[in-house]
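Novice: Residue numbers (our numbering): 5 to 330. Note that the Cβ used here is the ideal one computed from N, Cα and C, for glycine as well. Dropping a structure here in structure tokens format, bear with me for questions.
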Amino acid sequence: MLETLGGLFSSERFMPHGMCFDWQPRMLWLHITSDAIIALAYYSIPFSLIWFITRRRDIEFRYMFLLFGIFILACGTTHVMAIWTIWNPDYWTDGTVKAVTAVASIGTAFLVWGIMPEALALPSPAQLREANGALQQQVRERMRAEETVRELNTHLEGRVRQRTADLEKANRELSQALRDKEVLLMEVHHRVKNNLQVVTSLLAMQARTMADPALTEAFNAGLNRIFTMARVHELLYRSEHAGMLDLGRYLEGLAEDLGRFHQNDGFVPEVVVRMGQPLQLGLDKITPLALIVNEVLTNALRHGFKERSHGRIEIDLRVDGGSAEG
5 MLETLGGLFS SERFMPHGMC FDWQPRMLWL HITSDAIIAL AYYSIPFSLI
55 WFITRRRDIE FRYMFLLFGI FILACGTTHV MAIWTIWNPD YWTDGTVKAV
105 TAVASIGTAF LVWGIMPEAL ALPSPAQLRE ANGALQQQVR ERMRAEETVR
155 ELNTHLEGRV RQRTADLEKA NRELSQALRD KEVLLMEVHH RVKNNLQVVT
205 SLLAMQARTM ADPALTEAFN AGLNRIFTMA RVHELLYRSE HAGMLDLGRY
255 LEGLAEDLGR FHQNDGFVPE VVVRMGQPLQ LGLDKITPLA LIVNEVLTNA
305 LRHGFKERSH GRIEIDLRVD GGSAEG
């Protein structure tokens with residue numbers, strides 16, 4: 005069987021292709037040179053394709069480049085066999101190479117038509133240039149917008165700095181005005197307190213010259229009221245908060261002064277002030293409240309301890325919501 009196959013593929017009965025050219029040198033070299041150049045060109049193309057796809061890994065349809073390389077390599081081999089068969093009648097080998105080339109050609113052509121819709125969907129160089137131009141335009145517009153934003157930010161920062169400087173200047177001026185006002189208020193309270201003390205001293209001197217007990221009592225009541233107002237201005241003068249007084253502290257001092265004033269009546273009163281929580285009041289509220297407390301304590305000290313050598317008065321003040329109760 006091997007002998008049968010060997011005889012079937014034997015080329016002994018064939019003559020070389022050169023005999024068809026009658027071994028004419030010019031004809032032989034024409035075909036040899038042409039086939040050799042074509043083969044060299046075909047063999048160089050697959051290497052250039054391989055070199056290209058190894059450097060462009062993002063390329064689409066990479067497998068098609070490999071198929072084209074195989075197909076072109078096979079085509080180059082057919083031209084090499086054409087040179088070989090000029091002297092060697094190996095037409096079976098030549099035909100086999102052509103058959104392999106035909107299979108590679110059909111497969112490549114089939115796949116080329118298969119990927120044609122996808123290839124047509126790829127953007128053309130003109131479309132890419134247009135898209136690139138549009139993208140560059142967007143980049144330029146964005147750069148202009150960013151430049152505009154930077155200019156606006158610079159302008160805004162300048163305005164903010166100017167506004168901050170103006171506010172700081174106004175704040176300094178306001179702080180200075182408040183300090184001047186506090187100094188002025190302290191001076192006013194100091195002078196009012198001194199004037200009230202002068203009035204109190206004059207009334208006290210006048211009261212000592214009176215023989216009528218009722219008139220003396222009226223003078224003393226007036227003295228207590230003036231003294232109460234003088235103490236308000238004295239504490240306001242010493243207060244760290246302009247125009248505000250601690251009510252508990254003021255009532256404790258007022259009760260202590262009234263207690264000492266009534267020690268001359270023959271007994272030593274004890275006055276206790278209890279505050280639930282600190283309470284700051286202004287001049288417009290603490291002055292009438294002080295006069296009321298003065299009247300209450302004076303009446304209690306004068307009429308509540310007859311025929312007693314000592315006694316106790318308790319003032320309990322607490323804040324309930326927005327009002328004070330005592």
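1) Looking only at DSSP bridge pairs, what is residue 274 linked to?
2) Let's see if you can read the secondary structure: which residues bound the alpha helix (DSSP H) around residue 285?
3) Could you pull out every residue in the same chain whose Cβ sits closer than 8 angstroms to the Cβ of residue 36, ignoring the five residues on either side in sequence?
4) Pick out whichever of 34, 29 and 84 has its Cα sitting closest to the Cα of residue 46.
5) Report the option in 93, 254 and 295 whose CA atom is closest to the CA atom of residue 283.
6) Helix, strand or coil, according to DSSP, for residue 94 in the structure here?
7) Under 9 angstroms between the Cβ atoms of residue 275 and residue 230?
8) Opposite residue 250 in the DSSP bridges: which residues?
9) For residue 43, tell me which candidate among 302, 175 and 80 has the shortest Cα-Cα distance.
10) Measure the alpha-carbon distance for residue 163 versus residue 172 and round it to whole angstroms.
11) So residue 75 and residue 52 are in contact, right, with Cβ under 8 angstroms, and what is the actual spacing, rounded?
12) In this structure, does DSSP put residue 6 in helix, strand or coil?
13) Thinking C-alpha only, which one of 251, 304 and 321 is nearest residue 288?
14) I'd like the span of the alpha helix (DSSP H) that includes residue 39, first residue to last.
Specialist: Inspection of the coordinates gives the following:
1) Answer is 316, bridged to residue 274.
2) That residue, residue 285, is in no alpha helix (DSSP H); its beta strand (DSSP E) goes 284–286.
3) Once the five neighbours on either side are set aside, the close Cβ partners of residue 36 are 87 and 90.
4) Answer by Cα proximity: 84.
5) Closest option to residue 283, Cα to Cα, is 254.
6) When secondary structure is reduced to three states using DSSP, residue 94 falls in the coil class, being assigned neither helix nor strand.
7) Not a contact, by the Cβ cut-off of 9 angstroms.
8) In the DSSP output, where bridge partners are listed per residue, residue 250 has 284.
9) Of 302, 175 and 80, the residue nearest in Cα terms is 80.
10) Each residue's alpha carbon lies about 14 angstroms from the other.
11) Rounded, the Cβ-Cβ distance is 14 angstroms, inconsistent with contact.
12) Any reading at residue 6 is ruled out, since the residue's pLDDT is 41, under 50, leaving its predicted position unreliable.
13) Comparing Cα positions, the closest option is 251.
14) It spans 29–59 - the alpha helix (DSSP H) in which residue 39 sits, taken as one unbroken run.
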